[in-house]
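These notes are about the structure you will find just below.
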Amino acid sequence: QVQLVESGGGLVQPGGSLRLSCAASGIAFNIYDMAWYRQAPGKERELVATISRGGIRKYVDSVKGRFTISRDNAKNTVYLQMNSLKSEDTAVYYCNGEGWGTNYWGQGTRVTISS
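In terms of the numbering used here, the sequence shown is residues 6 to 120.
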């Protein structure tokens, strides 16, 4: 059974930081390309950051310089370090894994930026 389980969301003030984690099980994690998506209220889900199985990182322009995606293949976990958070970062953040013609999603973790 494949599972992607996100954690680390919460309420934080503008300018603060959060670190999201996504623990994967049931897949050969090291051969999967991993990504973080988010969906803000009333908006479509958008791609935030990706990290390939080879470690190549890409970001949406709105988070460049503030967010960092990383992975630990030994722990089957992908992370999203989010700094200098803004109100527009408020969303449910989803972990995604893609590989070998399969695509899996986590259940999401809510991030709220508010003073």
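Ideal placement from N, C-alpha and C gives every residue a C-beta, glycine not left out.
(request) From the DSSP output, in three-state form, read off Ile36 for me. (result) It is helical.
(message) For the beta strand (DSSP E) containing Thr95, name the first residue and the last one.
(response) Thr95: not part of any beta strand (DSSP E); DSSP gives it neither H nor E.
(message) Between Tyr42 and Glu103, how many whole angstroms is the CB-CB distance? I'm expecting something under 8 angstroms.
(response) Rounded, the Cβ-Cβ distance is 11 angstroms, inconsistent with contact.
(request) Under 7 angstroms Cβ to Cβ from Gly20, same chain only, skipping five residues before and after it: list those, please. (result) Its chain contains Ser89 and Leu90 as the residues whose beta carbon lies nearer than 7 angstroms to that of Gly20, once the 5 sequence neighbours on both sides are disregarded; these appear in chain order.
(message) Rounded to whole angstroms, what is the Cα-Cα separation between Gly15 and Val7?
(response) Rounded to the nearest whole angstrom, the C-alpha separation of Gly15 and Val7 is 25 angstroms.
(request) Identify the continuous beta strand (DSSP E) that holds Asn81 and give its terminal residues. (result) Taken as a continuous stretch (DSSP letters only), Asn81 belongs to no beta strand (DSSP E), as it is neither H nor E.
(message) Taking the beta carbon of Thr114 as the centre, do at least 16 other beta carbons fall within 10 Å, making it buried, or is it exposed?
(response) So Thr114 ends up on the buried side.
(message) In chain order, what are the residue ranges of uninterrupted beta strand (DSSP E) at least 3 long that sit wholly in the region 44-72?
(response) Every beta strand (DSSP E) of 3 residues or more that sits fully in the region 44-72 is shown, in chain order, as 51-56 and 62-64.
(message) Is the beta carbon of Ile61 closer than 8 angstroms to that of Ser92?
(response) Going by C-beta atoms, Ser92 is not nearer than 8 angstroms to Ile61.
(request) Can you say whether Leu85 is buried or exposed, counting buried as having 16 or more other CB atoms within 10 angstroms of its CB? (result) By the Cβ-count criterion, Leu85 is buried, with 16 or more other Cβ atoms from all chains shown falling within 10 Å of its own Cβ.
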